[in-house]
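One structure below.
Number of protein chains: 2
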Amino acid sequence: MAVRYLLTGLGNVGRGVLELFAAHQETLASRYGLGARLVGVADSSGAHYFGDKSNDDDKGDADRDDADTHEREKLLAIVRAKRAGRRLRDLDLPGTPLADAQTLVDRAAADVLFEATPTDLTDGQPGLGLVRRALQRNMHAVLASKGPLVLAYPELAALSDLSGDDDAPALRFSGAVGGATPSVNVGRRDLVLADIEQIESTLSSTPNLILDQMRRGVSFDDALAYAQAQGVVEPDPSLDIDGYDAANKLLILVQSVLGYPATLKDVDRQGIGGLTPDDVRCPDDRVLLLVASATKQAGGYHLSVRPRLLEPDHPLANGAPGEMGVVYHTDLYGRITVRCYEEGPTGTAAAMLRDFVGLRPRLVVGSSL
Amino acid sequence: MAVRYLLTGLGNVGRGVLELFAAHQETLASRYGLGARLVGVADSSGAHYFGDKSNDDDKGDADRDDADTHEREKLLAIVRAKRAGRRLRDLDLPGTPLADAQTLVDRAAADVLFEATPTDLTDGQPGLGLVRRALQRNMHAVLASKGPLVLAYPELAALSDLSGDDDAPALRFSGAVGGATPSVNVGRRDLVLADIEQIESTLSSTPNLILDQMRRGVSFDDALAYAQAQGVVEPDPSLDIDGYDAANKLLILVQSVLGYPATLKDVDRQGIGGLTPDDVRCPDDRVLLLVASATKQAGGYHLSVRPRLLEPDHPLANGAPGEMGVVYHTDLYGRITVRCYEEGPTGTAAAMLRDFVGLRPRLVVGSSL
C-alpha cells in the first residue's frame, strides 16, 4: 500500500519535494518499500484533493507501473504549471478543489503532511494550524517551515511522538534548521546522554553571505543587493539582517536538542546592520560571522545572536561564503561540528524526503520495527 | 524488563561502556525506557556469565532500586579491578566463569552484544567470530572494533537488518569509524537518496597528530614518540603511519554508506613515513594531512589514502591537532562535513551507547515502533 501524503506550500521547497518524489519513485519503492501518492496539495490560491486512490495492492504489476507513471506525470505537471506562474486553483486537475490548505488538512485521508508554506513568524500561520490539525488527525508531520516550531514547539511536541509517546504521530523538521544541514538530527540522535555545554551556529546563511561580500570591500547596501539578486534574502530583509532568522533557528535547536524552553525575547540579539567594510575586515586572519549561541549558565542557557570574530581554527571559521554550520560542545562526544555548503532549495526539499524515509518503520505495513 | 547485554573487551573502550551504563542508568530508564543489565563479560583472560537475572518486572519499586544499586556496583567493581591491572578470571564474581568470549556468546541468553575487543586486522578475530555468532543467535551487535567490518562486511550485513530484513538482528558500529564522529550515521541516515560523488576523510587521528607535531619542526621519530606518549598509537605503529587505519575506516564507510564492496587491496595507499618537517611545513597557508578518499569513477569508486595539501578553505583544513572529519560531496545535500575533536576513549564508548539507544524501538517491549 502506498503512503498517502499531503503537501502544503508550492514555493521552491514544495516544488522540490514533488520533483524529488517524481525522480526517486522507484528507489523509494525498491530500497525502502515506500511507495508514495500525493493525495492533496495546496498553495496560497487554494487546495486540491485528489482523493484516496493509494491502495493499489490489488493491482497487477502492469497496472502498478501505469499508476507510477501517472503519478510521476501528475507531480511534474504541477511543478511545471507553478514554474510557469500559474495558481493551483486555475489548474485542471482530477479530484476535488477545496478552499484552502486548512480545509485540505481538515478533510483529507492521508498518512503524512509535508508543510512548506511561507512562515509568518508573528503567529506561525498558516503552518501552525496545519501541523496542529495534522497531528490531531494522527498524520505524521514533516516541516520545512520554522514558524510553527519557533512559536509552538511545546504544544506540537506534546501532540507528537516527541512527547515520548511512541504511538503518537511523528513530528520531524530536519530541513527547518539550516536546509540540508543535519543540525537537529545530529543533536537529537548522535549526542545521546551528553551534557551539552554550548551550541554555536551559523545556520542563517544570508547574513554571512553579506558579510563575505563586505569582507571584499563591498558596502552593506551593495552586499545586501548582491544577496537579494541571488534570491536568498527574505522578503522582509530585517529577518536576515537583524538576526531574527538566526535566532529562530537557534530557538528550534535549543528546544528540540537541549529540551530548553525559550522564546524570541530570551535571545540577546544583535544583527549586522550598521556594519561597514572596515568593521568586517580584520587585520589578522580572524573572520567576522553572525553567530547564534546557547551557552550553559546557572539555571539554563544564555542565548545570543551577534557578529563574532572567530579565530582561524574555530570549526566554523573557514567556511565557503554562506556555508552553514553548528558546533556542539559536549562532555561525552567532545566537540562535534556539522557543516553544509549548498546552493538553492534542493537541500531543504531533500531534508524533507530524509525525514520521510526516516519514518519508514512507522509507515511500512508489516515492518517489525 | 531490562535489556540483557554482553560486553566483550575490557580495554579503555569496554571499561568506558561500563562506566557510562553505571553513570546513566537512571536516565536510560526514565528518558528511554531502557533498563539494562550486564549478563556477561569477557576480557583476554576469560569470560564470566552472571546469568539471566534481568527480569525484574515482578519486583516492587524498592527491590528494583536495590537491583539498580547492585548493578551499578557490579559494573564499577569490574572497572576498578581492571584499572588496577587485574584479570577478569582472577576476580571473585557471582555466576559462572567461562573459558573465553566465544563461549560466552555461544551460551549466554542476551539481547545485545557490545564488542570492543582489540582488532586483529588480518583475520578480524576474535571480534568476527563473536559478532557472527551473536547475529546468528538473534542478538543485536554494537561494535567498536573495526576488524569484523573491514574483513566481513557483506557477510555480517547479510546476517543483520542491514540486509533490508527488518526482522533480522541489528548491526551497528557508529563508534568504529572515528570514535564519536557521527560519520556512518550521517552518511547512512542524513544523505537519503543522494548521489555521493566523493568522500574525503581524516578519521585516522594519530597520523595527523604526528603531522601537526612535524609542522612545528619536530622530526618524524620525535613526533611519533610524542604520539606514543599520548597513548594514541597502535601497538604496531605501522597501522597508523602507513595509513592502514585510515584505509580501514574508509573501507567501512564505502561499504556501509556507498554500498560499494571493496577490500584493502583496492585502496591506493600511501602513509606518512619518510616525511620530514620540511615536507610537512608549507610556505603558504595550506596544510598537509593524511586524507582517505573515495572518488566516483566509471564503474565504481577510486579509493586512496595519501598525504594531501589542503587549501585553507577546505572544510577539514582548520581542525585542531588530530581532529577527525569526513566530507560528503553530494548532489541533493551539497557538501556535508562532520568533524569531531575529542580526547580519550570516552567518545567511542559513548558512540556505543548512542547505538544502543538507537535500538530502542527494537528493545522496548510494547513500543509500537
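Note that the protein sequences, when read in sequence, are chains B and X.
For the first sequence, the tail end lands on 369 under our numbering, and the numbers increase by one without skipping.
For the second sequence, the tail end lands on 1369 under our numbering, and the numbers increase by one without skipping.
Don't be surprised by glycine CBs; every beta carbon is placed ideally from N, CA and C.
Judged by pairs of C-beta atoms under 8 Å, the stretch 141–152 of chain B does not touch the stretch 296–311 of chain B, as fewer than three such pairs exist. B:E323 belongs to the set of residues whose beta carbon lies under 9 Å from a beta carbon in chain X.
Annotation for X:P1307: the continuous beta strand (DSSP E) segment containing it runs 1300–1310. Taking C-beta atoms under 8 Å as the contact rule, B:I196 and X:A1180 fail to qualify, at a distance of about 13 Å.
Under the three-state reduction of DSSP, X:A1294 is assigned to strand. The beta carbons of X:A1152 and X:G1124 sit closer together than 9 Å. Interface criterion met: the Cβ of X:N1318 is under 9 Å from a Cβ in chain B. Close partners of X:G1358 in chain B (Cβ separation under 8 Å): R189, V192. Against chain X, a Cβ distance below 8 Å from B:V142 picks out nothing, because the smallest value is about 12 Å.
Neighbours of X:N1138 across chain B, judged by C-beta separation under 7 Å, do not exist; the nearest C-beta is about 12 Å away.
Taking 9 Å as the Cβ-Cβ cut-off, the stretch 1060–1080 of chain X has no residue approaching chain B.
B:T103 has its alpha-carbon roughly 27 Å from the corresponding atom of B:D68.
Residue environment: B:E115 is assigned as buried (16 or more neighbouring CB atoms within 10 Å of its CB, all protein chains considered). DSSP places X:A1351 in the uninterrupted alpha helix (DSSP H) bounded by 1346–1358. Using a Cβ-Cβ cut-off of 8 Å, X:E1342 is close to Y333, G334, R335 of chain B, given in chain order. Secondary structure note for X:S1238: its alpha helix (DSSP H) is the uninterrupted segment 1238–1241. At a cut-off of 9 Å between beta carbons, X:V1338 contacts chain B. Cβ-Cβ distances below 8 Å link X:L1211 to A1223, I1272, L1275, V1280, L1288, L1289, L1290, P1307 in the same chain, with the five nearest sequence neighbours on each side left out; the list follows chain order. Taken in chain order, the complete beta strand (DSSP E) segments of 3 or more residues contained in the stretch 1062–1115 of chain X are 1096–1098, 1112–1115. For the 9 Å CB-CB criterion, X:N1012 and X:V1150 do not form a contact.
The straight-line gap separating the alpha-carbon atoms of X:A1141 and X:L1264 is approximately 24 Å. Here B:R354 is buried, its C-beta having at least 16 other C-beta atoms within 10 Å.
Contact of B:N208 with chain X is not assigned, every C-beta pair being separated by 9 Å or more.
Here B:V39 carries a strand assignment [DSSP, helix/strand/coil]. Looking at the DSSP output, B:V184 shares a beta bridge with no other residue. The beta-carbon of X:L1088 is placed no less than 9 Å from the nearest beta-carbon of chain B. A Cβ of chain B is located within less than 9 Å of the beta carbon of X:R1031.
Using a 10 angstroms sphere on the CB of B:T122, the tally of other CB atoms stays under 16, which defines it as exposed. Residue range 1012–1032 is occupied by the alpha helix (DSSP H) that includes X:A1022. Closer than 9 Å to the CB of B:P235 there is not a single CB belonging to chain X. The beta carbon of B:H314 falls within 9 Å of a beta carbon belonging to chain X, placing the residue at that interface. For B:L162, the nearest beta carbon of chain X is not closer than 9 Å to its own beta carbon.
Within a 10 Å sphere around the beta-carbon of B:H48 sit 16 or more other beta-carbons, which makes this residue buried.
For B:A110 and X:G1164, the gap between their C-alpha atoms comes out near 26 Å.
For B:G46, the beta-bridge partners assigned by DSSP are B:D43.
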